[in-house]
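Keeping their order, the protein sequence lines are chains A and B.
Just so you know, we're using the working numbering here: the first sequence kicks off at 901 and counts up by one.
Just so you know, we're using the working numbering here: the second sequence kicks off at 23 and counts up by one.
The beta carbon of each residue, even a glycine, is placed where N, CA and C say it ideally should be.
First the structure, in the form of structure tokens, and then the observations on it.
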Amino acid sequence: DAGVTQSPTHLIKTRGQQVTLRCSPKSGHDTVSWYQQALGQGPQFIFQYYEEEERQRGNFPDRFSGHQFPNYSSELNVNALLLGDSALYLCASSLAGLGDYSNQPQHFGDGTRLSIL
Amino acid sequence: GNSVTQMEGPVTLSEEAFLTINCTYTATGYPSLFWYVQYPGEGLQLLLKATKADDKGSNKGFEATYRKETTSFHLEKGSVQVSDSAVYFCALKLTGGGNKLTFGTGTQLKVEL
């Protein structure tokens, strides 16, 4: 049973460029969330996708956008990269339950390490 | 706003020592509380959770009790092993708040022989 898989594992970009990160959820999961984890910090919630729509968003600028495909996989796009975007980007998947998903555990991938030069 | 505060690390212990990592929270509603563990080069793994006051979450010898009166969820283990060396994150999720997890800054644990 494959867990959450993310690609690529490492990526180096320069300021001003654009980047796309990819995530395949755990088998049977239909909800994907993205987090940014700066070095030495806890993960910060970027947004969540369910049924191919953004359902919830954290305090991140519009440069951060995403997409969910019919097979539940997801992409995170970041435009006009800044040095401060250097971080580990984590994808988490879960199964949408009734109500607010409070009892649905989230499974995390190993992340994509993005370095901006 | 909602936030989680953890004790700063690193915490360095000898094998078989008792572990406590403090976690307190501020929340506008009634959160569920979680402990996640992150091993070097890996993503986060759910260690344990508690969804209401006085619940005790436990897993792999770790346990934490949801204390509403002190807004705390301290992580404990009676006898740590070298393999427990990792970064531990306390997190909350609000009831009715969707899937968003709010994390603390993490506490690094180093266990030595």
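Please name the residue or residues paired with serine 965(A) in a DSSP beta bridge.
Taking the first residue of the first sequence as 1, we reach residue 965(A) at position 65. DSSP lists Asn977(A) as partners of serine 965(A).
Can you tell me which of Pro961(A), Pro970(A), Ser993(A), Leu995(A) puts its alpha carbon nearest to the alpha carbon of alanine 980(A)?
Residue 980(A) sits at position 80 when you count from the first residue of the first sequence. If we check each option's Cα against that of alanine 980(A), Pro961(A) comes out closest.
Would you call proline 62(B) buried or exposed, if buried means 16 or more other Cβ atoms sit within 10 Å of its Cβ?
Here residue 62(B) refers to the residue found at position 40 of the second sequence. Per the 10 Å Cβ criterion, exposed.
Note down, in chain order, each residue of its chain lying with its Cβ closer than 6 Å to the Cβ of glycine 31(B), except the 5 sequence neighbours on either side.
By 1-based counting over the second sequence, the position of residue 31(B) is 9. So the qualifying residues of the chain are Thr129, Gln130.
Phenylalanine 125(B) versus chain E: which residues are under 9 Å apart at the beta carbon?
Absence of chain E from the displayed structure is noted, the protein chains being A and B.
Report yes if the CB atom of isoleucine 946(A) is closer than 9 Å to the CB atom of phenylalanine 969(A), and no otherwise.
Indexing the first sequence from 1 puts residue 946(A) at position 46. Indexing the first sequence from 1 puts residue 969(A) at position 69. Cβ distance not < 9 Å, so isoleucine 946(A) and phenylalanine 969(A) don't count as in contact.
Mind pulling the chain B residues with CB within less than 9 Å of serine 994(A)?
Your numbering for residue 994(A) matches position 94 in the first sequence. Ordered by position in chain B, the residues that pass the 9 Å Cβ test against serine 994(A) are Asn121.
To the nearest angstrom, report how far apart leucine 990(A) and histidine 967(A) are at their CA atoms.
Here residue 990(A) refers to the residue found at position 90 when the first sequence is read from its first residue. Here residue 967(A) refers to the residue found at position 67 when the first sequence is read from its first residue. Their backbone Cα atoms lie some 15 Å apart in a straight line.
Which ranges does the beta strand (DSSP E) cover as unbroken runs of at least 3 residues, wholly within the segment 63 to 104 of chain B, from first to last along the chain?
The qualifying runs are 66 to 72, 78 to 81, 84 to 87, 97 to 99.
Let me check one thing: in DSSP terms, what residues is phenylalanine 40(B) bridge-paired to?
On the second sequence, position 18 is the one that residue 40(B) refers to. Answer by DSSP bridge pairing: none, since phenylalanine 40(B) is not bridged.
Please confirm whether glutamate 85(B) has its beta-carbon closer than 9 Å to some beta-carbon of chain A.
Here the question's residue 85(B) lines up with position 63 in the second sequence. Judged by the 9 Å Cβ criterion, glutamate 85(B) is not in contact with chain A.
Against chain A, does tyrosine 88(B) count as a neighbour if the rule is that its beta carbon must be under 9 Å from one of theirs?
If you number the second sequence from 1, residue 88(B) lands on position 66. Chain A, which has no Cβ nearer than 9 Å to the Cβ of tyrosine 88(B), makes this no.
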